[in-house]
Amino acid sequence: MTDTFGKNAALKRFKKIPVYVVEEHNEALQFIYSAIGGKKLPVEGNTLVHLDAHPDMLIDRMLSGHEARAGKSVLPLLQIENWIVPAAAAGHIGRVLWLRPPWARQFTDGTRRINVGDHPATGLLRVDSKEPYYLSDALYSSDLLNAKEFTFTVAELSNVNSEHYVDEFAKNLHISEPYVLDIDLDFFSTGNPFLSLYEDIGLYDRLEPIFSFELPADDDEQTVEKVIALRERQLQELEHLFQFLEEHNTLEDYEGEKTDLFRRVSNLAEVVRAEAERLSDSPDWWAVFAAGCTRDNGGLPYHISSQQEIEHYVRGTLKLLLSRLPQPILVTVARSTDDGYCPPDQFATSKTKSMGPNKQFSPSIGGDWGQMRIEVATLVGQR
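Here my numbering is used: the first residue of the sequence shown is 233, the next is one more, and so on.
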């Protein structure tokens with residue numbers, strides 16, 4: 233504890249708490265890494281307070297542990313759904329608090345410790361968590377090399393404008409400095425861009441039986457490892473099938489095994505091609521594949537809030553929460569409007585949109601978190 237305190241005491245301070253606005257959420261990590269490089273954040277053990285409708289806690293299945301620990305060179309390899317855990321693998325993030333809206337239920341509430349490290353046979357980054365979120369992407373491994381442990385807390389932040397509720401909520405988070413406050417606008421109103429993909433043929437629902445899998449009946453090691461192996465084969469076969477579709481637009485000359493999964497994808501491809509022709513369109517098979525990858529565990533959260541609900545959340549709950557939190561080192565805000573996860577008509581005219589991507593918002597109040605938190609809430613909620 234003394235060593236950690238000493239490192240934190242030697243940290244430099246921003247003259248004003250910077251608020252970085254990005255479009256895609258993974259772009260926020262570059263500013264966290266820059267703050268580490270500039271000695272504004274410690275190299276290890278940072279806390280990330282993450283307000284989002286999505287946990288963003290996946291791992292790219294082909295990302296190696298070596299790549300995750302390679303500093304800023306990992307940044308171009310990350311996407312919106314998988315940018316946090318690689319930073320934990322590098323040791324930079326030691327605690328993640330995912331504050332979720334009521335309609336986002338990808339994890340159960342509570343705190344768990346997760347180890348992340350290299351699969352001993354492949355070197356690919358994996359975790360030892362047996363939760364469905366990780367099993368569905370075959371990301372579990374009981375044996376890890378170069379393992380780092382981090383703490384992951386999930387808590388529902390309800391739209392309750394009550395000082396007593398927020399007081400208790402903030403107290404139970406046990407947040408202390410240094411930490412990063414990270415807000416995605418889709419926390420307040422959540423779209424699902426895949427629902428509109430060939431919606432007239434109900435594509436999103438058609439994908440579920442193709443991409444779904446059965447969770448293990450119990451969590452004993454042998455059963456889980458067997459399920460992971462089966463899931464890995466299923467995902468690899470699906471990737472090969474959709475890669476072939478992307479290149480040939482048909483599975484007629486596919487030379488792989490003609491499995492039940494092949495027949496299901498082949499039947500789906502016929503329906504998609506017919507719908508695409510009706511729309512004078514060419515199928516985007518990787519978009520179809522990406523949509524399918526979200527159907528394995530109940531689908532993505534979807535809740536379009538009214539403007540009144542958004543204003544109540546921002547002006548009430550968010551402002552109250554920020555007033556109960558200690559001063560963060562920096563703030564990141566992700567718009568998520570271009571990719572359809574946050575309804576653009578609700579936030580497109582806000583100050584965050586007019587700033588352009590990857591810009592720094594300089595609050596007029598510097599150093600005074602008691603005043604600046606009001607500006608952060610205004611920045612998030614302004615239309």
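A virtual CB, placed ideally from N, CA and C, is assigned to each residue, including glycine.
Classification of residue i by the beta-carbon crowding that lies within 10 angstroms, buried from 16 upward
i, result
"residue 314", "buried"
"residue 258", "buried"
"residue 584", "Low confidence applies here, because residue 584 scores a pLDDT of 46, under 50, leaving its location unreliable; read the following figure in that light. It is buried - the Cβ of residue 584 has at least 16 other Cβ atoms within 10 Å."
"residue 511", "exposed"
"residue 564", "buried"
"residue 376", "buried"
"residue 382", "buried"
Endpoints, the alpha helix (DSSP H) within which residue i is located
i, result
"residue 517", "517-525"
"residue 391", "Counting along the chain, residue 391 falls outside any alpha helix (DSSP H), and DSSP gives it neither H nor E."
"residue 346", "Counting along the chain, residue 346 falls outside any alpha helix (DSSP H), though it belongs to the beta strand (DSSP E) covering 342-350."
"residue 463", "453-480"
"residue 282", "No alpha helix (DSSP H) holds residue 282; the beta strand (DSSP E) holding it covers 278-283."
"residue 449", "Per DSSP, residue 449 belongs to no alpha helix (DSSP H) and is neither H nor E."
"residue 321", "317-321"
"residue 357", "Note, residue 357: premise wrong, no alpha helix (DSSP H); beta strand (DSSP E) at 357-359."
"residue 556", "551-556"
Span of the beta strand (DSSP E), counted from its first residue to its last, around residue i
i, result
"residue 489", "Careful: residue 489 lies outside any beta strand (DSSP E) and carries neither H nor E."
"residue 416", "411-416"
"residue 438", "From DSSP, residue 438 is part of no beta strand (DSSP E) but of the alpha helix (DSSP H) over 435-443."
Residue i versus residue j - alpha carbon distance
i, j, result
"residue 541", "residue 477", "42 angstroms"
"residue 393", "residue 288", "27 angstroms"
"residue 559", "residue 409", "7 angstroms"
"residue 513", "residue 485", "22 angstroms"
"residue 461", "residue 549", "44 angstroms"
"residue 608", "residue 255", "17 angstroms"
"residue 417", "residue 284", "7 angstroms"
"residue 591", "residue 264", "The predicted position of residue 591 is uncertain, since its pLDDT is 47 and thus under 50; no value can be drawn from it."
"residue 185", "residue 286", "Outside the displayed span of the chain (233 to 615) sits residue 185, for which this structure offers no information."
"residue 403", "residue 480", "56 angstroms"
"residue 378", "residue 470", "30 angstroms"
"residue 298", "residue 544", "44 angstroms"
"residue 320", "residue 282", "14 angstroms"
For the region 502-510 and the region 427-442, state whether three or more C-beta atom pairs, one from each stretch, are separated by less than 8 angstroms.
As far as the Cβ criterion goes, the region 502-510 touches the region 427-442, which means the pair count is three or higher.
In chain order, which continuous runs of the beta strand (DSSP E) of length 3 or greater are located wholly inside the region 258-307?
You should have 278-283.
At a cut of 8 angstroms, does the region 567-576 reach the region 410-428 through at least three beta carbon pairs?
A contact is defined here as three or more CB-CB pairs under 8 angstroms, and the region 567-576 meets this definition with respect to the region 410-428.
Can at least three beta-carbon pairs, one atom from the region 543-556 and one from the region 460-480, be found at a separation below 8 angstroms?
No: fewer than three Cβ pairs fall under 8 angstroms.
Answer yes if the region 361-372 comes into contact with the region 440-459, meaning at least three C-beta pairs across the two stretches below 8 angstroms, and no otherwise.
Note that the region 440-459 touches the region 361-372; at least 3 beta-carbon pairs, one per stretch, sit closer than 8 angstroms.
For the region 278-296 against the region 315-325, do three or more pairs of beta-carbon atoms, one drawn from each stretch, fall closer than 8 angstroms, so that the two count as touching?
With contact defined as three or more Cβ pairs closer than 8 angstroms, the region 278-296 and the region 315-325 are in contact.
Is the region 242-250 in contact with the region 264-276, if contact means three or more CB pairs nearer than 8 angstroms?
Judged by Cβ distances under 8 angstroms, the region 242-250 makes contact with the region 264-276, as three or more pairs qualify.
Report yes or no: do three or more beta-carbon pairs, one from the region 327-337 and one from the region 349-357, lie closer than 8 angstroms?
Flag = no, the region 327-337 and the region 349-357 do not touch.
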